[in-house]
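Structure, as structure tokens:
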Amino acid sequence: MNFLRKILFPFSILYGLITCIRNILFDNDILKSHSFDVPIIAVGNLSVGGTGKTPQIEYLIRLLCDKYKVATLSRGYKRQSSGFILAQTNTTAAILGDEPFQFFNKFPNIQVAVDADRKKGIEQLLLQKNKPDIILLDDAFQHRKVKAGLYILLTSYGDLYVNDFILPTGNLRESSSGAQRASIIIVTKCPSSLSIEEQQMIRNKLKLSEKQELYFTFISYDNFILSESRKVKVDEIKTTPKVLLAGIAKPDSFFAFFDNKNDICLSFPDHHHFTDKDILKIKNLAQNKIIISTEKDYVRLKGILPGGQLFYLPIQSRFLSKSASSGDNFDKTILNYVGTSSRNR
Numbered sequence: 002m003n004f005l006r007k008i009l010f011p012f013s014i015l016y017g018l019i020t021c022i023r024n025i026l027f028d029n030d031i032l033k034s035h036s037f038d039v040p041i042i043a044v045g046n047l048s049v050g051g052t053g054k055t056p057q058i059e060y061l062i063r064l065l066c067d068k069y070k071v072a073t074l075s076r077g078y079k080r081q082s083s084g085f086i087l088a089q090t091n092t093t094a095a096i097l098g099d100e101p102f103q104f105f106n107k108f109p110n111i112q113v114a115v116d117a118d119r120k121k122g123i124e125q126l127l128l129q130k131n132k133p134d135i136i137l138l139d140d141a142f143q144h145r146k147v148k149a150g151l152y153i154l155l156t157s158y159g160d161l162y163v164n165d166f167i168l169p170t171g172n173l174r175e176s177s178s179g180a181q182r183a184s185i186i187i188v189t190k191c192p193s194s195l196s197i198e199e200q201q202m203i204r205n206k207l208k209l210s211e212k213q214e215l216y217f218t219f220i221s222y223d224n225f226i227l228s229e230s231r232k233v234k235v236d237e238i239k240t241t242p243k244v245l246l247a248g249i250a251k252p253d254s255f256f257a258f259f260d261n262k263n264d265i266c267l268s269f270p271d272h273h274h275f276t277d278k279d280i281l282k283i284k285n286l287a288q289n290k291i292i293i294s295t296e297k298d299y300v301r302l303k304g305i306l307p308g309g310q311l312f313y314l315p316i317q318s319r320f321l322s323k324s325a326s327s328g329d330n331f332d333k334t335i336l337n338y339v340g341t342s343s344r345n346r
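For what it's worth, the working numbering labels the leading residue of the sequence shown as 2, then goes sequentially.
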């Protein structure tokens, strides 16, 4: 905790008090949460960014899209638009936001929408002629005007919410007691070799209720990097000097994956808007080198950086196979919730 964050401690107490009062008002129906006649799964976190929400939403899409009409609803952080927007063929990353645009590109058979007001966004989705069977709310754990049927809370292995503090001293958006609203808690970005013993230690730290399920996931990197027209094996370019580019909250694991001291690593803030100056800098550093970005950055840089040089590295969230709660159990919980909710509509 640096010095500036320490001196802001009184503001953390005030902020924590405000969020606590807000939650009490919602818990006691003084402030109203709106329910909808459709299964809604909210995925979010207690901390600011970097817990792996995007790959977790994509996991849910893959799990559900063959059986149900799926829609995602996001805020569309830093998009150059406002209000409700449903992605169409002419929609861009600037209009939709980078993460929703990534969903739209990868999953053409689902509906992708953005609206800062999730209640209004859901209402608009349900007015569509081809209305969804299920809605996935992206980064909506604190959006309490909507009452989801199932809450999934993510927390990073290296930064558990129980070890953090409320903003601005720490990175929590609300007190760690907010985790009680979650039906499922997923510890993300774990080492793939995480032992059963350490999993149990984390379970003890989190102090879950009997009704809460706990899972552990890790980030799985693809064996290929992809461009507009090509895919290249990672093994073929690992030793080749290249430019690695990441505008995400915690890029260290992305850079470490390639493990080449001759790589040029460029780190930008999360959801960074690349300026002309940024693009010129990247081009000057790259020269004839290939440029590999995260998938989230790629959707914004495609068409701006040379297509022959620009690649991205796909990732997926995977559940630890050696776990007290495996991915199979997670899938059953999700499918049971959606199926039961759909039958009871």
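Where a beta carbon is used, it is the ideal one built from N, C-alpha and C, also for glycine.
Notebook entry, point to check: Exposed or buried, which one is D99 when buried takes at least 16 other CB atoms within 10 Å?
Noted result: For this step, residue 99 is matched to residue 98 along the sequence shown. Result: buried.
Margin query: Let me make sure I understand the geometry here. Which of R63, K146, L26 and L311 has the alpha-carbon closest to that of K243?
Written below: Start at 1 with the first residue of the sequence shown, and residue 243 comes out as number 242. Residue L311 is the option with its Cα nearest to K243.
Checklist line | Length-filtered (4 minimum) alpha helix (DSSP H) runs lying within the stretch 218-276 | finding: 235-238 and 253-259
Margin query: I need the DSSP call for R119, collapsed to helix, strand or coil.
Written below: Counting from 1 along the sequence shown, the entry for residue 119 is found at position 118. Helix.
Note to self: Let me check understanding here. Comparing Cα to Cα, which of D279, L154 and I22 lies closest to D140?
What the structure shows: Counting from 1 along the sequence shown, the entry for residue 140 is found at position 139. That would be L154, whose Cα lies nearest to the Cα of D140.
Note to self: Checking the sheet assignment: what are the DSSP bridge partners for H35?
What the structure shows: Numbered from its first residue, the sequence shown carries residue 35 at position 34. According to DSSP, H35 bridges with V147.
Check: In terms of residue numbering, what span does the alpha helix (DSSP H) encompassing G17 cover?
Finding: Position 16 of the sequence shown holds residue 17. Residues F10 to D28.
Note to self: Which residue wins for smallest C-alpha separation from K70, given the options S184, E229, S178 and P133?
What the structure shows: As a first step, residue 70 must be located in the sequence shown, where it is residue number 69. Ranking the options by Cα distance to K70, first place goes to P133.
Margin query: Please identify the residue among D28, K121, G17 and L64 whose C-alpha is closest to the C-alpha of V339.
Written below: Start at 1 with the first residue of the sequence shown, and residue 339 comes out as number 338. Checking every option, the nearest Cα to that of V339 belongs to L64.
Next item on the list: Kindly indicate which residue of L5, T55 and F258 has the alpha-carbon position closest to the one of S318.
Entry: Within the sequence shown, residue 318 is the residue found at index 317, counting from 1. Among L5, T55 and F258, the Cα nearest to that of S318 is on T55.
Next item on the list: Give me the Cβ distance between V49 and R174, rounded to the nearest whole Å; I'm assuming they're in contact under 8 angstroms.
Entry: Residue 49 sits at position 48 when you count from the first residue of the sequence shown. Residue 174 sits at position 173 when you count from the first residue of the sequence shown. Right, their Cβ atoms sit about 6 angstroms apart.
Checklist line | Boundaries of the alpha helix (DSSP H) in which Q213 is found, first to last residue | finding: Here the question's residue 213 lines up with position 212 in the sequence shown. Per DSSP, Q213 belongs to no alpha helix (DSSP H) and is neither H nor E.
Margin query: Could you compute how far the alpha carbon of R204 sits from the alpha carbon of S194?
Written below: Locating residue 204 in the sequence shown gives position 203, where the first residue counts as 1. Locating residue 194 in the sequence shown gives position 193, where the first residue counts as 1. Roughly 17 angstroms between the two C-alpha positions.
Note to self: Can you confirm whether the stretch 22-33 touches the stretch 114-134 when touching is taken to mean that 3 or more C-beta pairs between the two stretches lie within less than 8 angstroms?
What the structure shows: no
Notebook entry, point to check: Looking only at its own chain, which residues have a Cβ that is under 6 angstroms from the Cβ of D116, when we skip the five neighbours before and after it?
Noted result: Reading the sequence shown from its first residue, position 115 is the one you call residue 116. Excluding residues within five positions, the ones whose Cβ falls inside 6 angstroms are F85 and G122.
Next item on the list: Tell me, please, whether the stretch 257-265 touches the stretch 230-247 by the rule of three or more beta-carbon pairs shorter than 8 angstroms.
Entry: yes
Notebook entry, point to check: With which residues is K303 paired in a DSSP beta bridge?
Noted result: Numbered from 1 along the sequence shown, position 302 holds the residue referred to as residue 303. DSSP output for K303 lists L306 as bridge partner(s).
Check: Just curious, the alpha helix (DSSP H) that F1 is in, first and last residue?
Finding: This structure leaves residue 1 out entirely; the chain is present only between 2 and 346.
Notebook entry, point to check: What is the rounded straight-line gap between the Cα of K212 and the Cα of E59?
Noted result: Translated into the one-based positions of the sequence shown, residue 212 becomes position 211. Translated into the one-based positions of the sequence shown, residue 59 becomes position 58. Approximately 25 angstroms, taken between the alpha carbons.
Next item on the list: In the DSSP assignment, find the unbroken beta strand (DSSP E) run with Q317 in it and report its ends.
Entry: Here residue 317 refers to the residue found at position 316 when the sequence shown is read from its first residue. Note, Q317: beta strand (DSSP E), I316 to F320.
Checklist line | contact_flag[the stretch 76-94, the stretch 37-49] where n(CB pairs < 8 angstroms) is 3 or more | finding: no
Notebook entry, point to check: Start and end of the beta strand (DSSP E) containing L138?
Noted result: Looking up residue 138 in the sequence shown gives position 137. Taken as a continuous stretch (DSSP letters only), the beta strand (DSSP E) holding L138 covers I135 to D139.
Notebook entry, point to check: Between the C-alpha atoms of G308 and S228, what's the straight-line distance to the nearest angstrom?
Noted result: For the purposes of this step, residue 308 is taken as residue 307 along the sequence shown, with counting starting at 1. For the purposes of this step, residue 228 is taken as residue 227 along the sequence shown, with counting starting at 1. Computed Cα separation, rounded: 7 angstroms.
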